[in-house]
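> Here you go, one structure.
Residue numbers (the numbering used here): 60 to 185.
Following this line, the structure appears as structure tokens:
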């Protein structure tokens with residue numbers, strides 16, 4: 060087990076263990092995001108051999124006046140192996156309206172969102 064620390068404003072993508080680098084196009088993905096005025100994270104995926112198609116995903120956003128906004132962009136031609144992603148947001152004190160997620164729940168200070176794999180924007184109002 061490797062520990063991962065998530066700083067305020069950080070966004071870290073995690074998946075289940077892979078047996079080989081050719082499994083790098085993950086079928087399951089969880090973003091762990093810590094709410095802060097500025098949020099940033101990146102994820103690089105490729106076909107696993109270092110020579111094929113690839114994709115770079117960036118998360119950007121932040122909390123302004125209690126409202127969280129996350130935007131996702133990507134570069135590259137690698138097709139997604141997943142249809143959904145999970146986003147867990149830490150550091151929010153309350154959650155009211157959520158726009159851009161398929162489902163959400165707020166429990167024990169963690170907002171868990173289910174989103175389509177091609178999502179581009181999430182808004183969370185207190």
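Built from N, CA and C at the ideal position, the CB exists for glycine as well.
With distance defined between alpha-carbon atoms, name the residue in 143, 108 and 103 nearest to residue 133.
103
> What is the C-beta distance between residue 22 and residue 121, in whole angstroms, given that I count them as a contact (C-beta under 8 Å)?
The chain is shown only over 60 to 185; residue 22 falls outside these bounds and no answer can be derived.
> Helix or strand or just coil, what does DSSP make of residue 123?
strand
> Along the chain, where does the beta strand (DSSP E) containing residue 70 start, and where does it finish?
70-73
> Where residue 92 and residue 137 are concerned, what is the direct C-alpha to C-alpha distance, given to the nearest angstrom?
24 Å
> What whole-angstrom Cβ distance do residue 116 and residue 131 have, given they're in contact under 8 Å?
6 Å between Cβ atoms; contact.
> With the cut-off set at 8 Å, would you say residue 184 and residue 155 are in Cβ contact?
yes
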